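Structure, as C-alpha cells:
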Amino acid sequence: MRPRLYTIAPEYPFLATLAEGLLRMAAGDPLALSRMLVLLPTRRAVRSLREAFLRAAPDGGEPGTPLLLPRMRPVGDLDPDEISLSDEFGDGDGLSVPPAIPELRRRLLLTRLVLKWAEQGGRGPLLPGQAAALAASLARLLDTVATEGADFSQLRDLAPADLAAHWEIVCKLLEILPSHWPALLAAEGAIDPGDRRNRLLRRQAALWQRSPPHDPVIAAGLTGGVPAMTELIRVVAGLDHGAVIMAGLDRRCGVEEWSAIETDEAHPQYLLATLLKAFELAPSEVPDWPWIRRGGRAPLAAHARRLALVGEAMRPAVTSDAWRTLAPVSVGAVGGLSRYDCASSHEEALTIALLLRRQLESPGATAALVTPDRELARQVAAELARWGIAIDDSAGLPLNRTPPGVFLRMVLDLAASELAPVPLLAALKHPLAAGNLAPAAFRELTRRLELAIRGPRPAPGFAGLRDAVASRNDSRLRGFVNRLEACLGDLPDLLAGRAVPLARLVTAHIEAAERLAASEDETGATRLWHQIAGETAARLYNELIGAAADFPLFAGKDYPALFEALSAGAVVRPVWGRHPRLAIWGLVESRLQHADLVVLGGLNEGSWPGSAAHDPWMSRQMRREFKIAVPERAIGIAAHDFVQALAAPQAALTRAARSEGVPTVPSRWLLRLDAVLRAVGLDRALEPDPEITAAAVRLDAAQYAPLPPAAPRPPLAARPRQLSVTQIETWLGDPYAIYARHILQLKALDDIDADPGRADLGIR
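Start counting the sequence shown at -15; every next residue gets the next number (the numbering used here).
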C-alpha cells in the first residue's frame, strides 16, 4: 500500500489549513473531531493549532463555535520546555518506561564524574565551575547520541593516529559515559530525556503496528533526522486512517538537485529529503493534502513565483550554475517583499517597530518579528513601548536578565567580594533591596554609605566597612552596617570555607537574598519570588537544593562559578499578556506559525545563520564516523525557518550594516537571493518602503535632537574675582567647570574603589 504522505505548500498557513482540513474531514459530526489524534513538533504548535480551530469556521457554523478538539501531542523537540510525552501517549503501561532524570540532577552527577576523572588521571585538577561547564556539554552530547541512535562503544575507534594527540585525551574523558553513566542512571531509577523520548516513540510505533487504531492519526509538521521519529512516521503513513503532512516540501527540484540536497546538511530541505529517502519517494510523488480548501484562501500566483525565486536561491552549491540559464522574471514576483539595510542595530530595531506598529492600522492584521537575535528582540520591544505597545519575546528572557536573577547574582557577588564597594553598592541600589526598611529609607542610607566609602577601597569584610563609616560619627550609618551584616547571615563565612556542602551554600544564598529583599511591609519571599521571573528562579533553586544533596564538599569560593554554570540557560517565558496581533518569535517558536506580515530580522552572518556550533568533544570527521549530525545541520534547519518565514503574504528582510561599531557581513541567504535576482533581471528590486524609512528619520530627529552646549552667564557680582593660572586654562577649555566650582560651589566626589594616591599612602 502506498504510504499516505502529503504536503501543505508554504503558500498556505500550515496550522490554519490543517485546522480547516480536519473540520472538513469531520463532515459536521460533532464527535468525529474528538476521535482524531494529531502529532505535532512542539507544545507551541499545539497551542497555535487550538487557536486556529477557534478562528476556523466549521461547516454551517461561525468562527468561535464551541468544538470538541482533537487530541494533540507534541513529539518533536528535545528542548525540555517543549517535550510533553506523557505516559498516556503509549499503550497504557507507560509506567514501565523509567522517568527522565531532572536536568539539574543530571548536570550535577556529570560534574561529579568530570571532577573524579580529573583527580584520577586527567589533565590536572578542575574547579567545580569548569567541571559544570563541561558537564553541560556532555549532557548535550548524551541527548545527541540518544537522538541519532549512535553507540558509545565506537568511541575507541574515533581517534586514529593521524589526528592530534589531544583528541586521545578527549576520548578518554568521553569513556566515562559508557563506563560510569549507565550505573548512575540505574541508581537514580531514571534515564536520559532523549532515550525516554525514543522509547516512547518506538513503543507507540510497535503498538500501532500490532493493533492499528480505527480513528484518524495525523502526523503534521514532523521531519526526519531522528530514527525513532522516522520509524513512527513510517507507521502512521501506513495506517488505514493515518496521514503524514509535511510542511514546505519543495517539489520543484529536479533529480540532480534533489540528489545534491540529500548530501547537503546545510540545505533547508535536507531533513525532508532524509524522510522521503526512508519512504523511497521523490518530492514530485508527494501530493498536496486533499483537504486544502482551494477557494478564498488560495495564494496569489505572484506569491508562488516569489517562493520559486527563494527556492532557486537555496540551490546546493554544486548545482548553482543553473542560475546562468534563468529566464527573466517580472517585478511582480517580489511583490510583498521588502528589504531594509540599516546603518545600526538601533535603526534596525526602530524600523522593525515601525513595520509592526503600522500593521495595527489595518483591522485584524497580524505581524511578527522572527529573529534568533535576542538582543534585537529586546530592542524592538523597547521601541514599541514608546507607543504603549507591550509585546513579549516568546523565546523568553534569560533568568540572569530579569530583576530576581540579577538581584540573586548581585547578593552573591557582594558576599564573595568581601563587601568590595562596587558590588556592595550595586546590590544595595537594586530595586529589590530594602533590608526590612521602607525602600525610600533604605535608599537614603545607601547614599550616605556611598559617600562614606568613596575613595580607596576599605579593608575587607564588615570590619573594614565599620572602619570606613566610623569617621562619619553617624549612629544611623553604623546601625545600617549592622543591619546589612544580619541580612547576609553566614553566607560570607560559608564562601570563605574550605569544605562546604553545596546544599548549605544554596540555602544560605537564598536566605541572605530574602532577608535583604524584605521591606517594612512585605516579606523577602513575597518580593523576591514574585511573578513569572520569581517563580522560575524559585523553581531553579528548589531543584538545585534537591539535586545537590550528595554533591562532594568543595571550597566556598568556587560556588559563584559553579552556580553560574548550573543556572546558565534558565529562561523565563511569558505566560500571559501576549499581544493579540503582534508577536516576537525565535526560530523554534516560529515553526508552523503564520502572520500577515513577517519581519525577518538580524540577517547577518553569525546571527542568522549562526556560526556552526563548536563541539569540544568531536571534530566533523569524528562526528560523521560516530554517525551523529555535524554542526551544519543546524544551519540547514535555520535555512528552512528562513524559507518558511518568507512564505508570509508580506515579508520584510532587515539587517544592520554595523553592530556595536563593527561592520557586519550580510547573511549568505541574502547574498544568494541578490545573485538570483540579478540573474532574472531584478537587480535592486527589493527596496525599502519609503514611508517607513522617512518615519524612522523623523522619529529619530524628533527624539534625539542634540541640545546646544551649556553657556552659563552668571551676573558680574557672582563671578569669581581671581583665578589661578591652571584654572585659566580650564576656563578656556571648559568654562562650565569654572561655573560649577565657583558659582554653584560643587565639588567632585572621590571615585568609587579608587587607587590609593600618595596622600593615602602617606597617612596609612
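Where is the CB? At the ideal position from N, CA and C, for every residue including glycine. For clarity, every value in this text was computed on a predicted model and none was experimentally measured.
Exercise. Any idea what DSSP makes of D324, helix, strand or coil?
Worked result: The count along the sequence shown starts at 1 and reaches residue 324 at position 340. Before going further, note that residue 324 is Tyr rather than Asp in the sequence given. DSSP places Y324 in strand when its eight states are reduced to three.
Problem set entry | Where the beta strand (DSSP E) containing L584 begins and where it ends | Residue numbering aside, residue 584 sits at position 600 when the sequence shown is read from its first letter. Counting along the chain, the beta strand (DSSP E) containing L584 begins and ends at L581 to L584.
Exercise. How about the segment 674 to 689 and the segment 305 to 320: do they share at least three Cβ pairs that are nearer than 8 Å?
Worked result: no
Exercise. Alpha carbon to alpha carbon, how far is A554 from A119?
Worked result: Start at 1 with the first residue of the sequence shown, and residue 554 comes out as number 570. Start at 1 with the first residue of the sequence shown, and residue 119 comes out as number 135. Rounded to the nearest angstrom, the two C-alpha atoms are 16 Å apart.
For this session: With a 10 Å radius around its C-beta and 16 neighbouring C-beta atoms as the bar for buried, classify A227 as buried or exposed.
Result: Along the sequence shown, read from residue 1 onward, the residue named residue 227 stands at position 243. So A227 ends up on the buried side.
Exercise. Given that a residue counts as buried once 16 or more other Cβ atoms are within 10 Å of its Cβ, and exposed if not, what is Q706?
Worked result: As a working note, residue 706 is residue 722 in the sequence shown. By the 10 Å Cβ count, Q706 comes out exposed.
Exercise. Between which two residues does the beta strand (DSSP E) containing W569 stretch?
Worked result: Locating residue 569 in the sequence shown gives position 585, where the first residue counts as 1. First-last of the beta strand (DSSP E) with W569: L566 to W569.
Exercise. So what does DSSP say about Q711, is it helix, strand or coil?
Worked result: Looking up residue 711 in the sequence shown gives position 727. In this structure, Q711 counts as helix in the three-state DSSP scheme.
For this session: Enumerate in chain order the residues of its own chain whose CB-to-CB distance from P83 is below 7 Å, with the five nearest sequence positions on each side excluded.
Result: Mapped onto the sequence shown, residue 83 falls at position 99. Cβ neighbours of P83 beyond the five flanking positions: A174.
Problem set entry | Nearest candidate by alpha-carbon position, reference R96, set A492, P558 and L550 | Residue numbering aside, residue 96 sits at position 112 when the sequence shown is read from its first letter. Nearest C-alpha to R96: L550.
Problem set entry | Identity of the residues DSSP links to V354 by a beta bridge | Taking the first residue of the sequence shown as position 1, residue 354 is located at position 370. Looking at the DSSP assignment, V354 forms a beta bridge with W569 and L584.
For this session: Would you mind stating whether L353 and I621 have Cβ atoms separated by less than 8 Å?
Result: Within the sequence shown, numbered from 1, the residue matching residue 353 stands at position 369. Within the sequence shown, numbered from 1, the residue matching residue 621 stands at position 637. Contact flag unset, no.
Exercise. Do the segment 413 to 425 and the segment 706 to 716 touch if we need at least three Cβ pairs shorter than 8 Å?
Worked result: no
Problem set entry | Residue nearest to A732 in terms of C-alpha spacing, selected from P444, R604 and L435 | Numbered from its first residue, the sequence shown carries residue 732 at position 748. Nearest option by C-alpha distance: L435.
Exercise. Alpha carbon to alpha carbon, what distance is there between T350 and P162?
Worked result: Translated into positions along the sequence shown, residue 162 becomes position 178. Translated into positions along the sequence shown, residue 350 becomes position 366. Each residue's alpha carbon lies about 50 Å from the other.
Problem set entry | P109 - containing alpha helix (DSSP H), residue span | As a first step, residue 109 is located in the sequence shown; it is residue number 125 there, counting from the start. It is not in any alpha helix (DSSP H) - P109 carries neither H nor E in the DSSP assignment.
For this session: Select from R565, R342, T(-9) and D305 the residue whose C-alpha is nearest the C-alpha of P267.
Result: Counting from 1 along the sequence shown, the entry for residue 267 is found at position 283. The candidate whose alpha carbon is nearest that of P267 is T(-9).
For this session: Would you mind giving the Cβ-Cβ distance between A531 and L92, rounded to the nearest angstrom? I have them listed as a contact below 8 Å.
Result: Translated into the one-based positions of the sequence shown, residue 531 becomes position 547. Translated into the one-based positions of the sequence shown, residue 92 becomes position 108. Yes, A531 and L92 are in contact; Cβ-Cβ is about 5 Å, under 8 Å.
Exercise. Taking the C-alpha atoms as reference points, what is the distance between H251 and R183?
Worked result: On the sequence shown, residue 251 is found 267 positions in, with the first residue counted as 1. On the sequence shown, residue 183 is found 199 positions in, with the first residue counted as 1. Rounded to whole angstroms, H251 to R183 spans 29 Å at the Cα level.
For this session: Just mark W513 as buried or exposed, buried being the case when its beta carbon has 16 or more other beta carbons within 10 Å.
Result: By one-based count along the sequence shown, residue 513 stands at place 529. It is buried - the Cβ of W513 has at least 16 other Cβ atoms within 10 Å.
Problem set entry | N-terminal and C-terminal residue of the beta strand (DSSP E) that R639 is part of | Start at 1 with the first residue of the sequence shown, and residue 639 comes out as number 655. Note, R639: beta strand (DSSP E), Q634 to A640.
Exercise. I494 by DSSP, collapsed to three states: which one?
Worked result: As a first step, residue 494 is located in the sequence shown; it is residue number 510 there, counting from the start. Three-state result, I494: helix.
Exercise. Is the segment 580 to 594 touching the segment 152 to 169, taking contact as three or more C-beta pairs under 8 Å?
Worked result: no
For this session: Could you check what DSSP says for Y525 in three-state terms: helix, strand or coil?
Result: Position 541 of the sequence shown, counted from the start, is the residue given in the question as residue 525. Three-state result, Y525: helix.
Problem set entry | Residue interval of the beta strand (DSSP E) (run including G226) | Locating residue 226 in the sequence shown gives position 242, counting from the first residue. Its beta strand (DSSP E) spans residues G226 to A231.
Exercise. Applying the criterion that 16 or more other CB atoms from any shown protein chain within 10 Å of the CB defines a buried residue, is Q343 buried or exposed?
Worked result: Taking the first residue of the sequence shown as 1, we reach residue 343 at position 359. When all chains shown are included, Q343 counts as buried.
Problem set entry | Backbone CA spacing between L216 and W165 [nearest angstrom] | Position 232 of the sequence shown, counted from the first residue, corresponds to residue 216. Position 181 of the sequence shown, counted from the first residue, corresponds to residue 165. Approximately 28 Å between the Cα atoms of the pair.
For this session: May I ask you to list the residues that DSSP assigns as paired with G590?
Result: Position 606 of the sequence shown, counted from the first residue, corresponds to residue 590. Answer is G594, bridged to G590.
Exercise. If you draw a straight line from the alpha carbon of L17 to that of L2, how long is it in whole angstroms?
Worked result: Looking up residue 17 in the sequence shown gives position 33. Looking up residue 2 in the sequence shown gives position 18. Whole-angstrom Cα-Cα distance: 12 Å.
For this session: Would you kindly report the start and end of the unbroken alpha helix (DSSP H) that includes Y543?
Result: For the purposes of this step, residue 543 is identified with residue 559 of the sequence shown, where counting begins at 1. Here the alpha helix (DSSP H) through Y543 covers Y543 to S551.
Exercise. Quick one: what's got a C-beta closer than 7 Å to D325's C-beta in the same chain, skipping five residues either side?
Worked result: Indexing the sequence shown from 1 puts residue 325 at position 341. Within the same chain, D325 has close Cβ partners R639 and A641.
Problem set entry | Where H493 falls, given that 16 or more other Cβ within 10 Å makes a residue buried | Within the sequence shown, numbered from 1, the residue matching residue 493 stands at position 509. Buried.
For this session: Grab the span of the alpha helix (DSSP H) containing A454 for me, first residue to last.
Result: Taking the sequence shown and counting its residues from 1, the one referred to as residue 454 is at position 470. That run of the alpha helix (DSSP H) goes G445 to A454.
For this session: At 3 residues or longer, and completely inside the segment 608 to 670: list those beta strand (DSSP E) runs for me, N to C.
Result: 634 to 640
Exercise. Can you pull the DSSP bridge partners for T(-9)?
Worked result: Walking along the sequence shown from the start, residue -9 turns up at place 7. Answer is M230 and D272, bridged to T(-9).
Problem set entry | Cβ shell of L581 (< 6 Å), same chain only, five flanking positions each side left out | On the sequence shown, residue 581 is found 597 positions in, with the first residue counted as 1. Excluding positions up to five away in sequence, the list reads Q343, A351 and Q634.
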